[in-house]
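Here our numbering is used: the first residue of the sequence shown is 14, the next is one more, and so on. Where a beta carbon is used, it is the ideal one built from N, C-alpha and C, also for glycine. Worksheet for the structure shown next.
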Amino acid sequence: MDKIEETIQKIGPLDQDAMKKAQARLDDLTKPQGSLGMLEAIAKQIAGITRTPIPDLPKKAAILMAGDHGIVKEGVAPFPQEVTSQMLFNFVNGGAAMSVLTRHENAKLYVVDVGVAQDLPDVPNIIKKKVAYGTRNMAEGPAMTRQEAVKAIEVGIEVAEMAINEGAGLTAIGEMGIGNTSPSSAIVAAYSKMPVREVVGRGTGVDDERLKIKISAIEKALSVNNPDPSDPLDVLSKVGGLEIAGLAGVILGCAANRVPVIIDGFISGAAALIAAQIAPLAKDYMLGSHLSEEPGHKVILDFLGIKPILIMNMRLGEGTGAALAMNLVDASLKILREMATFSEAGVSSK
Ligand SMILES: Cc1cc2ncn([C@H]3O[C@H](COP(=O)(O)O)[C@@H](O)[C@H]3O)c2cc1C
Ligand SMILES: O=C(O)c1cccnc1
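Put into structure tokens, the structure is as follows:
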């Protein structure tokens, strides 16, 4: 807990002076003021995060947390649980969507076992930080102990610090965990107070019959555990997941070290929601990426006041939307750095 407390204490507000300077430069560049819309907003936010009026963040990292879920016993997911660990090998062997997109974006991919149900062999590039062999079935009781949730958050903080120590100036988060759209839905329902059926989606593609089973399992989890939204660790431990906790930790670790963190889809969004409840200032360090097809994702983004920059009809997770957004974040910083001002270019301003 000390590690989390220490990390929260380090999170400060955005640097208003750097943002003011970035805004002044943006307004002086050869374009009508504000005409680059969100590209300008992103550049300004990153100036505030990094305390640098003209930031350059050449080194990128994506942190993918993996964990399993006891709720799969209820039949909430169409794929078998083994897919979680099988995909970890796919990530590090370069064949997963996230492997391709991080290569495309020139970002280093950190793959972390924070709670996969099987023991994994020692494989280069899988970071082994298992806190538990998956969560327990939240439809029957708490998914984790409070201590397990704390440990998983600490793993996230540690891995964020590792990536930052290796030079990462911009991070993206992603996850892998069969069944994890269910705890994410429970978290969103707990905070939004919306009925489960309105925030739940089909995840990897449940049919109508399984969707009913999924909704009632999540409803049961909420009524059995009665999570307290004023206590984010209570929500996280009772109806969350180890990888969700890990990602909340990554966000806190990035915010504490003034590194912008790009949020991916529905599950990463649920982690962002928890992180923002633990440390409200952490929200300022988050950048939106895409709008997932999962209906609850919009609820999360509205709740957090985050705008997505891409609508790609994606619903994969892994960090794929966040990886794609790195390109636009790069572009926004290039605009701030490389465009000419009116006087430099000899263009008349109004
Ligand atoms: C092959 C495969 C690759 C994936 N990559 C991400 N997910 C995504 O789907 C899972 C959540 O959906 P649900 O709650 O329906 O299980 C998570 O692992 C998420 O990362 C995948 C799922 C599968 C099957
Ligand atoms: O939006 C996501 O992150 C998502 C949606 C469906 C399945 N897995 C992930």
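task = Name the one or two DSSP bridge partners that H117 has.
result = Here residue 117 refers to the residue found at position 104 of the sequence shown. According to DSSP, H117 bridges with nothing at all.
ask   = With I76 and T184 assumed to form a contact (beta carbons below 8 angstroms), what rounded beta-carbon distance in angstroms separates them?
value = Residue numbering aside, residue 76 sits at position 63 when the sequence shown is read from its first letter. Residue numbering aside, residue 184 sits at position 171 when the sequence shown is read from its first letter. That pair is a contact at about 6 angstroms.
request  = Go through its chain and collect everything with a Cβ distance to A289's Cβ below 7 angstroms, but skip five positions before and after it.
outcome  = Counted from its first residue, the sequence shown places residue 289 at position 276. Closer than 7 angstroms at the Cβ level, and outside the excluded window around A289, lie A295, K296 and L317.
ask   = Name the DSSP beta bridge partners of V274, please?
value = Here residue 274 corresponds to residue number 261 of the sequence shown, with the count starting at 1. In DSSP, V274 forms a bridge with T184 and M299.
message = Tell me the rounded alpha-carbon separation between E306 and D315.
response = The residue you call residue 306 lines up with position 293 of the sequence shown. The residue you call residue 315 lines up with position 302 of the sequence shown. Distance between the alpha carbons of E306 and D315 is about 15 angstroms.
key: Straight-line gap, D132 to L246 (C-alpha atoms, nearest Å)   = Residue mapping note: residue 132 aligns to position 119 of the sequence shown, counting from 1. Residue mapping note: residue 246 aligns to position 233 of the sequence shown, counting from 1. Near 26 angstroms, if we compare the C-alpha coordinates of L246 and D132.
inquiry  = Going by beta-carbon coordinates alone, are A156 and G253 separated by less than 8 angstroms?
reply    = Position 143 of the sequence shown holds residue 156. Position 240 of the sequence shown holds residue 253. Yes, Cβ-Cβ distance for A156 and G253 is below 8 angstroms.
task = Please report the residue range of the beta strand (DSSP E) in which I76 lies.
result = As a first step, residue 76 must be located in the sequence shown, where it is residue number 63. Run containing I76: K73 to G80, per the beta strand (DSSP E) assignment.
inquiry  = Give me the residue from R223, S361, L349 and I313 with the minimum Cα distance to D69.
reply    = Locating residue 69 in the sequence shown gives position 56, where the first residue counts as 1. It is L349.
query = Shorter than 8 angstroms from the beta carbon of E53 to some beta carbon of chain B?
reply = Absent here is chain B; the protein component of the structure consists of one chain.
task = Could you tell me the boundaries of the alpha helix (DSSP H) in which K86 lies?
result = Residue 86 sits at position 73 when you count from the first residue of the sequence shown. Taken as a continuous stretch (DSSP letters only), K86 belongs to no alpha helix (DSSP H), as it is neither H nor E.
As assigned by DSSP and simplified to three states, the class of L323 = Along the sequence shown, read from residue 1 onward, the residue named residue 323 stands at position 310. Strand.
request  = Give the DSSP-derived three-state secondary structure of V127 in the structure shown.
outcome  = Locating residue 127 in the sequence shown gives position 114, where the first residue counts as 1. Three-state result, V127: strand.
Among G359, S361 and L341, nearest to A56 - alpha-carbon criterion = The sequence position of residue 56 within the sequence shown is 43, counting from 1. Among G359, S361 and L341, the Cα nearest to that of A56 is on L341.
request  = Could you check what DSSP says for K363 in three-state terms: helix, strand or coil?
outcome  = Counted from its first residue, the sequence shown places residue 363 at position 350. Three-state result, K363: coil.
message = Any contact between the segment 255-268 and the segment 298-312? By contact I mean 3 or more CB pairs, one from each, below 8 angstroms.
response = yes
message = Could you check if E188 belongs to the surroundings of ligand 1, using beta carbon to heavy atom distance under 7 angstroms?
response = For the purposes of this step, residue 188 is identified with residue 175 of the sequence shown, where counting begins at 1. Under cutoff, so the answer is yes.
key: beta-carbon E307 near ligand 2 non-hydrogen atom, thresh 7 angstroms   = The sequence position of residue 307 within the sequence shown is 294, counting from 1. Correct: E307 has its Cβ closer than 7 angstroms to ligand 2.
ask   = Do you know whose CA, among N138, D220, I166 and D241, lies nearest N106's CA?
value = Within the sequence shown, the letter at position 93 stands for residue 106. For the residues N138, D220, I166 and D241, the minimum Cα distance to N106 belongs to N138.
task = Express the C-alpha separation of G192 and V219 in angstroms, rounding to a whole number.
result = Position 206 of the sequence shown, counted from the start, is the residue given in the question as residue 219. Position 179 of the sequence shown, counted from the start, is the residue given in the question as residue 192. If you take the alpha carbons of V219 and G192, they lie about 11 angstroms apart.
message = Quick check on L337: does DSSP put it in helix, strand or coil?
response = Residue mapping note: residue 337 aligns to position 324 of the sequence shown, counting from 1. If DSSP states are grouped into helix, strand and coil, L337 belongs with the helices.
task = Could you tell me which of T148, G88 and E153 sits nearest to Q160, measuring between CA atoms?
result = What you label residue 160 is simply residue 147 of the sequence shown in a count that begins at 1. Checked all of T148, G88 and E153; the closest Cα to Q160 is T148.
task = Compute the beta-carbon to beta-carbon distance between T194 and F279, rounded to the nearest angstrom, for a pair I have assumed lies under 8 angstroms.
result = As a first step, residue 194 must be located in the sequence shown, where it is residue number 181. As a first step, residue 279 must be located in the sequence shown, where it is residue number 266. Right, their Cβ atoms sit about 6 angstroms apart.
message = Just to check my reading of the structure: I287 and V248 have Cβ atoms closer than 8 angstroms, yes? What is that Cβ distance to the nearest angstrom?
response = Indexing the sequence shown from 1 puts residue 287 at position 274. Indexing the sequence shown from 1 puts residue 248 at position 235. Right, the Cβ-Cβ distance comes to about 7 angstroms (below 8 angstroms), so this counts as a contact.
Those residues which DSSP pairs with K141 across a bridge = Translated into positions along the sequence shown, residue 141 becomes position 128. The partner list for K141 (beta bridge, DSSP) reads D126.
ask   = Can you tell me the Cα-Cα spacing of P208 and K225, whole angstroms?
value = Taking the first residue of the sequence shown as position 1, residue 208 is located at position 195. Taking the first residue of the sequence shown as position 1, residue 225 is located at position 212. Between P208 and K225, the C-alpha separation is close to 13 angstroms.
query = Do A79 and V129 have their C-beta atoms within less than 8 angstroms of each other?
reply = Reading the sequence shown from its first residue, position 66 is the one you call residue 79. Reading the sequence shown from its first residue, position 116 is the one you call residue 129. Going by C-beta atoms, A79 is nearer than 8 angstroms to V129.
query = Beta carbon of F92: closer than 7 angstroms to some heavy atom of ligand 1?
reply = As a working note, residue 92 is residue 79 in the sequence shown. F92 Cβ: within cutoff of ligand 1.
DSSP three-state assignment for L42, whether helix, strand or coil = On the sequence shown, position 29 is the one that residue 42 refers to. Of the three classes helix, strand and coil, the one that applies to L42 here is strand, per DSSP.
ask   = What residues are listed by DSSP as bridge partners for M189?
value = Locating residue 189 in the sequence shown gives position 176, where the first residue counts as 1. According to DSSP, M189 bridges with A79.
ask   = Is the Cβ-Cβ distance between G330 and V263 less than 8 angstroms?
value = In the sequence shown, the residue the question calls residue 330 occupies position 317. In the sequence shown, the residue the question calls residue 263 occupies position 250. Not a contact, by the Cβ cut-off of 8 angstroms.
query = Counting along the chain, where does the alpha helix (DSSP H) carrying A162 start and finish?
reply = What you label residue 162 is simply residue 149 of the sequence shown in a count that begins at 1. Start and end: R159 to N178.
request  = Below 7 angstroms CB to CB, which residues in the same chain sit around S362 once its five sequence neighbours on both sides are set aside?
outcome  = Here residue 362 refers to the residue found at position 349 when the sequence shown is read from its first residue. Answer for S362: F355, listed in chain order.
task = Following the continuous alpha helix (DSSP H) through M352, name the residue where it begins and the one where it ends.
result = Along the sequence shown, one-based indexing puts residue 352 at 339. Counting along the chain, M352 falls outside any alpha helix (DSSP H), and DSSP gives it neither H nor E.
ask   = Under the criterion of a Cβ to heavy atom distance below 7 angstroms, does D220 qualify as lining ligand 2?
value = Reading the sequence shown from its first residue, position 207 is the one you call residue 220. Checking every heavy atom of ligand 2 against the Cβ of D220, none is found closer than 7 angstroms.
ask   = At what residues does the alpha helix (DSSP H) containing Q94 begin and finish?
value = As a first step, residue 94 is located in the sequence shown; it is residue number 81 there, counting from the start. It is not in any alpha helix (DSSP H) - Q94 carries neither H nor E in the DSSP assignment.
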